[in-house]
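K.L.:
Got a structure for you, written out below as structure tokens; questions coming shortly.
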Amino acid sequence: MNHPNLDGQWQAQSAELAGSAFPAEVTKTIFLKLSGESYEMQNDRGTSRLLEGNKMEITGNEGPNKGKVFKAIYKL
Numbered sequence: 127m128n129h130p131n132l133d134g135q136w137q138a139q140s141a142e143l144a145g146s147a148f149p150a151e152v153t154k155t156i157f158l159k160l161s162g163e164s165y166e167m168q169n170d171r172g173t174s175r176l177l178e179g180n181k182m183e184i185t186g187n188e189g190p191n192k193g194k195v196f197k198a199i200y201k202l
């Protein structure tokens, strides 16, 4: 599987949780920093794994999302 290099800081363009969209004013404050298989987000840190079809799985290891797994979709 050949994945793009996503290392760097990214700003969310849209976000939803449990089927509910975040308001635009909240979404514009969401930044995700990726480095290899690690991520940082505001007060959260953990691992990220790229999956087939522009999908990503993010697992919190530190912070309020410790132990939680989030599915994400990215578009370049």
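Going by my numbering, 168 is the number at position 42 of the sequence shown; the sequence numbering is gapless.
Glycine included, C-beta positions come from ideal geometry on N, C-alpha and C.
Taking buried to mean at least 16 other C-beta atoms within 10 Å of its own C-beta, is residue 184 buried or exposed?
P.N.:
buried
K.L.:
In its own chain, which residues sit with a C-beta less than 7 Å from the C-beta of residue 129, not counting the 5 before and 5 after it?
P.N.:
176
K.L.:
Do residue 159 and residue 180 have their beta-carbon atoms positioned less than 8 Å apart in this structure?
P.N.:
no
K.L.:
Taking C-alpha atoms, which residue in 170, 136 and 145 lies nearest to residue 154?
P.N.:
136
K.L.:
To the nearest whole angstrom, what separates the beta carbons of residue 141 and residue 156, a pair I think is in contact under 8 Å?
P.N.:
6 Å
K.L.:
Are the Cβ atoms of residue 189 and residue 171 separated by less than 8 Å?
P.N.:
A contact, by the Cβ cut-off of 8 Å.
K.L.:
Specify the secondary structure class of residue 153 as computed by DSSP and reduced to three states.
P.N.:
helix
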